[in-house]
Amino acid sequence: MPVHELDLSGRGLFLVDKLSDRWGVDLLPRGKTTWFEMRACDR
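Position one of the sequence shown corresponds to residue 0 (numbering that gives the first Met the number 0), numbered consecutively onward.
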């Protein structure tokens, strides 16, 4: 769903999507795990 400027919540996965290279959700018997991957830059 799109995030609007005055929304009070709902930005978490939007930020994960914009900042990560890859992300997903694993459904588990007792809930879920959200994971993400980001590239590390060489110095």
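Beta carbons: idealized from backbone N, C-alpha and C, even for Gly.
Host alpha helix (DSSP H) of Val-15 (start-end) | Val-15 -> alpha helix (DSSP H) spans 11-18.
Hey, could you find the ends of the beta strand (DSSP E) Val-24 is sitting in?
-> Segment 21-27, the beta strand (DSSP E) holding Val-24.
On the three-state DSSP scale, how would you describe Glu-36?
-> Of the three classes helix, strand and coil, the one that applies to Glu-36 here is strand, per DSSP.
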